[in-house]
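S.K.: Okay, here's the structure, questions in a sec.
There are 2 protein chains.
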Amino acid sequence: MVTDLWYFWCICALMPGPRTFRALVNHYGGARAALAALPDLARRGGATGPARICTREEAERELKAATALGISLLALGEPDYPRRLQMIDDAPPLLAARGKLAALNLPMVAIVGARNASAAGIRFAERLARELGEAGFAIVSGLARGIDGAAHRASLATSTVAVLAGGHDRIYPPEHADLAAALLDDGALVSEMPLGYEPRARDFPRRNRLISGLAVGVVIVEAATRSGSLITARFALEQGREVFAVPGSPLDPRAAGSNGLLKQGATLVTEAADVIDVLRPILGQPIEPSAEEPEAAPPPSREPGADERARIVSLLGPTPVTIDDLVRLSGSSAAIVRTVLLELDLAGRLERHGGGLVSLL
Amino acid sequence: MVTDLWYFWCICALMPGPRTFRALVNHYGGARAALAALPDLARRGGATGPARICTREEAERELKAATALGISLLALGEPDYPRRLQMIDDAPPLLAARGKLAALNLPMVAIVGARNASAAGIRFAERLARELGEAGFAIVSGLARGIDGAAHRASLATSTVAVLAGGHDRIYPPEHADLAAALLDDGALVSEMPLGYEPRARDFPRRNRLISGLAVGVVIVEAATRSGSLITARFALEQGREVFAVPGSPLDPRAAGSNGLLKQGATLVTEAADVIDVLRPILGQPIEPSAEEPEAAPPPSREPGADERARIVSLLGPTPVTIDDLVRLSGSSAAIVRTVLLELDLAGRLERHGGGLVSLL
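Those sequence lines, one after another, are chains V and L.
The working numbering applies: residue 1 is where the first sequence begins, and numbers increase by one.
The working numbering applies: residue 1 is where the second sequence begins, and numbers increase by one.
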């Protein structure tokens, strides 16, 4: 848990840049080592202003307010950070968590679905959440109306985790404030956003990667085509999580998304055993980084020279290129290319697109 | 089409024994050759009475009545017998068909499901039948209330085939007599049962093998666990037909069977294209016998000797054994063993269990 102001400030300074932080942690072998290297790296990358860096005063205020609200700040790479979430490509550098933190290291199943769910969908989500809770899984979801809320409510007595799209003091939807408070006894609320952050529409899809990232598997109960639940399912696939879907009538538009997932190979769920049978064997396995995860590299034996840096920067432009291509075309080692990219990234000049693609901003 | 009394009588004489007739047709290379060998074979097998043989007078009456009703009698192995049905293990020796016989050689999709179907199930069956009809498939089903009736009705304008569990003059359920009459214009009614035969409960599962046997693929729209539709699905699998199922809510007991089929690997259907995409490539392929089909053998070069026959019979008992084991243990050729089995079968002393298993009655 983060209580050291300097440490906290450094992490804040990187937000929102989870991919960059991830690359740093991999590169330097841990959050503290990465942060120690940070100021120098950012300067070399050509950082010209504090645009992405919060001030020391802001950091102080945030840390004090968080503590007052009973919020713990968990840093990527530290032992109390949720283990499965740590393995995703764009794990948040800092996770603000409130409630019973032990819940975050239970095996979790995500149950997500439509806000305008049918009565049958709500009833099924409740039954599934209750039975998976009794089987020892914490239920993670997004605190939304409909399926999410039903899943949380039915797992209050066991353990349930809600991932917020805004800050801890900006519960959305407001009518779920009581539910959010109730789940703290045996579960937790988590957010990657600072206090006071009001969630916008685009923050919800981004938040969904944390719901799937925390879980071993994701169950989609009712989902229309092009719904947020399908975004969660896509993240789950990218992160190597198991994807489950609950079937519905082809004439019910709320089932179109989940039926579509079934056609694409999601596991069909009509009872908790369908989920448990798939997940039990996985729980016994060591937690592995997801497929897209870049390999951890030892710290570079030397720093990039000015010529090397210039050559690599000249190969970059607004069109995304792969890091592999940069290594090949620059003639530099992969370690040197990665260091230059980190420098650029910290200076706010690089965009990471996932899949090893980068471009200059 | 069968119009020859002697021929018809011989086939009648074998009913109900489709596996036996199948073995005869395979053994002698055609229905006519098999029938010519029949009286002698039956005598050698130890036939003691006419228990399974209808009288000449009965045959005459049946043929006359059938002709009067516009019924055509199609014999297994003859050119006008439906080609896919011909390939199943227990194809009926004789098929009584009424209506537009050309419909029986269109590619067919079976649509079957619950009698107490939901409004949504009915609507979906109608939509699917109409769209598959427009795509050139005849729709085959069981004329039952609910899904079956909906599928027939929606494909009246294209082509629909109903398989009866009783005789042509015993339409069941009676309120579907109008539907049965209406489908004759562009489709057909078929039955393996003689005129006047009142269907009993156990005739419906038996009839279901013809629904799947006529079709390239079977779509189960709504089916409870342990329902007749699941029997059709099982036949379809045994016959190497494609199995499709329409998903439904896990809380709807009418979807339990179809969801169960999906878990077992049936193709999920939410629109006609899901069926067409799977079946189109199959239609281009030559029609192959199903996996269980015994190989066609040339007529035996010699008849079995009395010693050989006695040895083979002594190896048989009430416990089913495989024909392969009989060949191995008797030391006789496969052709000789098959001939002895046919003799016993025609004498009413053999039971064929499928999967190459036989026992003495």
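Glycine included, every Cβ here is placed at the ideal spot set by N, Cα and C.
(1) Figure out for me which residue from L184/V, P247/V, P174/V, L94/V has the closest Cα to the Cα of V140/V.
(2) Hey, does A233/V have any beta-carbon neighbour from chain L nearer than 8 Å?
(3) To the nearest whole angstrom, what separates the beta carbons of L128/V and V219/V, a pair I think is in contact under 8 Å?
(4) For I71/L and A59/L, what's the separation of their Cα atoms in angstroms?
(5) Can a CB atom of chain V be found closer than 8 Å to the CB of N259/L?
(6) Output, in chain order, the set of chain V residues within a Cβ distance shorter than 8 Å of L262/L.
(7) Please go through the same chain and pick out, in chain order, the residues whose beta-carbon is closer than 6 Å to the beta-carbon of A245/V, but skip the five residues on each side of it.
(8) With DSSP run on the structure shown, which of helix, strand or coil describes H176/L?
(9) Taking Cβ to Cβ, would you say L179/V is nearer than 8 Å to L143/V?
(10) Nearest-angstrom Cα distance between D345/L and T20/L?
(11) With DSSP run on the structure shown, which of helix, strand or coil describes L342/V?
(12) May I have the straight-line CA-CA distance separating G133/V from V161/V, to the nearest angstrom?
(13) Could you give the first and the last residue of the continuous beta strand (DSSP E) run that contains T319/L?
(14) Once the 5 residues before and after G356/L are set aside, which same chain residues still bring their CB inside 6 Å of it?
(15) Any residues in the region 160 to 171 of chain L with a beta carbon nearer than 8 Å to a beta carbon of chain V? Which ones, in chain order?
(16) Taking the alpha helix (DSSP H) that L143/V belongs to, which residues open and close that run?
(17) Report yes if the C-beta distance between L279/L and G217/L is below 8 Å; otherwise report no.
(18) Compare the C-alpha of F204/L against each of G167/L, A117/L, L195/L and name the closest.
(19) Can you list, in chain order, the residues of its chain whose CB lies under 8 Å from that of A114/L, leaving out five sequence neighbours each side?
(20) Please classify T67/V: is it buried, with 16 or more other beta-carbons within 10 angstroms of its beta-carbon, or exposed?
(21) So the candidates are G136/V, D90/V, A102/V; which of them puts its Cα closest to the Cα of D283/V?
(22) At which residues does the beta strand (DSSP E) containing R226/L begin and terminate?
(23) Are R170/V and G196/V closer than 8 Å when you measure CB to CB?
(24) Anything in chain L within Cβ reach of R124/V, meaning under 9 Å, just list it in chain order.
(25) Mind listing the chain V neighbours of A120/L? Cutoff is C-beta to C-beta under 7 Å, in chain order.
(26) What I want to know is whether the C-beta of G146/V ends up closer than 7 Å to one or more non-hydrogen atoms of the ligand ZN.
(27) Closest to L106/V by CA distance: which of A75/V, N116/V, Y81/V, L94/V is it?
(28) Would you say E271/V lies against chain L (beta-carbon separation less than 8 Å)?
(29) On a CA-only basis, which of A182/V, M108/V, I231/V, L329/V is nearest R202/V? Give me that one, please.
(30) Going by DSSP, name the residue or residues bridged to S191/V.
(31) Beta-carbon within less than 8 Å of E126/V's beta-carbon, same chain only, minus the 5 sequence neighbours each way: which residues are those?
(32) Go to A266/V, then tell me how far its beta strand (DSSP E) extends in each direction, as first and last residue.
(33) Where does T160/L sit, in a helix, a strand or coil, going by DSSP?
(34) Between which residues of its own chain and P250/V is the CB-CB distance below 7 Å, once the five residues before and five after are set aside?
(35) Between which two residues does the alpha helix (DSSP H) harbouring I88/L extend?
M.R.: Let me spell this out:
(1) For the residues L184/V, P247/V, P174/V, L94/V, the minimum Cα distance to V140/V belongs to L184/V.
(2) So no, A233/V is outside the interface.
(3) About 7 Å separates the two Cβ atoms, so the contact holds.
(4) Approximately 14 Å, taken between the alpha carbons.
(5) By this cut-off, N259/L is an interface position.
(6) Here the neighbours are P247, L262, L268.
(7) The beta carbon of A245/V lies closer than 6 Å to those of I220, S258, L261, L262, A266 in the same chain, with the five residues before and after it left out.
(8) DSSP places H176/L in helix when its eight states are reduced to three.
(9) Yes.
(10) A direct Cα-Cα distance of roughly 7 Å separates D345/L from T20/L.
(11) L342/V: helix per DSSP, three-state reduction.
(12) Computed Cα separation, rounded: 12 Å.
(13) In the DSSP assignment, T319/L falls outside any beta strand (DSSP E) and carries neither an H nor an E.
(14) The residues are T322, I323.
(15) Residues: none.
(16) DSSP places L143/V outside any alpha helix (DSSP H), giving it a letter other than H or E.
(17) Yes.
(18) Answer by Cα proximity: G167/L.
(19) The answer, listed in chain order, is G121, G146, I147, V221, E222, A223, A224, S227, S229, R254.
(20) Exposed is the call here.
(21) Strictly speaking, residue 283/V in this sequence is Leu, with Asp absent from that position. The residue with the shortest Cα to Cα distance from L283/V is G136/V.
(22) Where R226/L is concerned, there is no enclosing beta strand (DSSP E), given that its DSSP letter is neither H nor E.
(23) For R170/V and G196/V, yes; Cβs fall inside 8 Å.
(24) It should be noted that the sequence gives Phe, not Arg, for residue 124/V. For the C-beta of F124/V, the chain L residues within less than 9 Å are, from N- to C-terminus, S249, P250, L251.
(25) Neighbours of A120/L on chain V, chain order: S249, L251.
(26) Ligands displayed in this structure: none; no statement on the ligand ZN is therefore possible.
(27) Minimum Cα distance to L106/V is reached at Y81/V.
(28) The beta carbon of E271/V sits closer than 8 Å to some beta carbon of chain L.
(29) The candidate whose alpha carbon is nearest that of R202/V is I231/V.
(30) Beta-bridge pairing links S191/V to A96/V.
(31) Counting only Cβ-Cβ distances below 8 Å, and skipping sequence neighbours, we find A150, A151, R153, A154.
(32) Neither: A266/V is in no beta strand (DSSP E) and is coded neither H nor E.
(33) In the three-state reduction of the DSSP assignment, T160/L falls in the strand class, which pools E and B.
(34) Sequence-distant Cβ neighbours of P250/V in its own chain, meaning closer than 7 Å and more than five residues away, are N259.
(35) DSSP places I88/L in no alpha helix (DSSP H); its state is neither H nor E.
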